[in-house]
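What follows is a short report on a single structure.
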Amino acid sequence: MRHSVGLGLRREFLSDVLASTPAVDFWEIAPENWMARGYEAEYQLDRIRERYPVSSHGLSLSIGSPDPLDESFVRQLKIFLDRFNISRYSEHLSYCSANGHLYDLLPIPFTEHAADYVAARVKRVQDILERPVLLENVSYYVPAKTEITELAFIQRVLEHADCQLLLDVNNVYVNSVNHNYDPFDFIAALPSQRITYGHIAGHFEEASDLLIDTHGADVRSEVYELLAFAYQQHGDFPVLLERDFNIPPLNVLLKEVEKVKAVSQALA
């Protein structure tokens, strides 16, 4: 669907969604928040699926972890995605476990070896899920290692894994400020054929040279400008508005959804 803009499905307004069917093109869920939660959760998600497409965005795959890939979790995930006919599964190009859960999304070292290691794990996940995996470029504050650039690292993973990119426009902007690079050059260099989905969100300005990716504020005008540029460079793709903290009423979020949609409509 052209100009498709979705919203993260939050329990804060789940009852409103079930009761009123608001004007959203699709909803995004975190599978971990719905798997094995019993009959009521299945019933609720079935009702959502009757009215809307549903995308999924994982939280705990930890694709860059030094620990062995949790194939048991991936198989449970496949059962869940099949059960609810969810074709789009995305995850963070990061890791969140090493001898235990770390409760944060940490940057993978920017090296060719690490990129090849991640790509092999992604290919295994895709084999089990029988679906393409979309990897999200993540925000980071201190790089683990930089033998190659962030851009070269992402490009190598995508190519070697033959997977897709979830382009998080806000993360590009946040990283460009924190690490002093041109976000437009970064987006222009990404492979268009790999970009099939996007995220957009707000952030917090800790200082003029330090932005924090909070998903807790309205989208900034600079990020909207970057989204418009991404559409110009790579064509239209579905975009998800993220809001995880300081969540306003649903009607307020729906107005911001329309602002996001207006960016692509203006370029049509």
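Each residue of the sequence shown is one higher than the last, beginning at 1 in the working numbering.
Yeah, the Cβ is synthetic: ideal placement off N, Cα and C, and Gly gets one too.
Residue i - partner residues in DSSP beta bridges
i      : result
ALA207 : LEU210
GLU91  : LEU135
PHE110 : THR146
HIS3   : For HIS3, which the question treats as bridged, DSSP gives no partner whatsoever.
TYR197 : LEU166
TRP27  : LEU7, VAL54
VAL239 : VAL5, GLY198
HIS234 : Looking at the DSSP assignment, HIS234 forms no beta bridge with any residue, so it has no partner.
SER274 : The shown model of the chain, from 1 to 268, leaves out residue 274, and the question about it has no answer.
Residue i classed as buried or exposed, judged by whether at least 16 other C-beta atoms fall within 10 angstroms
i      : result
GLN232 : exposed
LEU269 : Given that the chain is displayed from residue 1 to residue 268, the structure contains no residue 269 and the question cannot be resolved.
GLY235 : exposed
LEU241 : buried
GLU206 : exposed
ARG88  : buried
Other residues of its chain near residue i: CB distance less than 7 Å, five sequence neighbours each side excluded
i      : result
TYR141 : ASN178
ALA119 : VAL157, HIS160, ALA161
ARG51  : THR21
LEU105 : HIS92, SER94, CYS96, VAL138
PRO132 : GLN126, CYS163, GLN164
ALA228 : VAL263, LEU267
ILE212 : HIS203, PHE204, GLU206
Which listed residue (the options) has its alpha carbon closest to that of residue i
i      : options                        : result
ARG11  : ASN33, ALA189, SER4            : ASN33
SER264 : PRO238, PHE245, PRO143, PRO183 : PRO238
PHE80  : GLU242, TYR173, PRO31          : PRO31
ASP67  : HIS101, GLU40, TYR89           : HIS101
HIS113 : ALA217, HIS199, LYS145, GLU42  : LYS145
ASP244 : VAL219, PRO109, LEU227         : VAL219
ARG75  : ASP127, ASP46, PHE26           : ASP127
THR214 : TYR181, LEU14, GLY202, TYR224  : GLY202
SER15  : ARG37, TYR43, GLY198           : TYR43
ASP168 : ARG49, TYR197, GLU147, PRO143  : TYR197
SER65  : ARG49, TYR89, VAL122, ARG37    : VAL122
VAL223 : SER208, LEU210, ASP209, HIS199 : HIS199
ALA230 : LEU151, PRO249, LEU267, GLY6   : LEU267
ARG47  : LEU250, LEU9, ALA36            : LEU9
Own chain residues within Cβ distance below 8 Å of residue i, not counting five before or after
i      : result
ASP116 : ARG156, HIS160
Closer than 8 Å: residue i CB and nearest the ligand FAD heavy atom
i      : result
THR149 : Ligands in the displayed structure: none, and consequently the ligand FAD is not present.
Neighbourhood of residue i by C-beta distance below 6 Å, restricted to the same chain and skipping five residues each side
i      : result
LEU61  : GLU91
PRO183 : VAL172, TYR173, SER176, LEU226
VAL17  : none
ALA217 : GLY202
SER4   : ASP25, PRO238
For the pair the stretch 82-101 and the stretch 127-139, tell me if three or more CB-CB distances fall below 8 Å.
yes
Is the stretch 56-70 touching the stretch 80-92 in the sense that three or more CB pairs, one from each, lie closer than 8 Å?
yes
Do the stretch 175-190 and the stretch 244-264 make contact, defined as three or more Cβ pairs closer than 8 Å?
no
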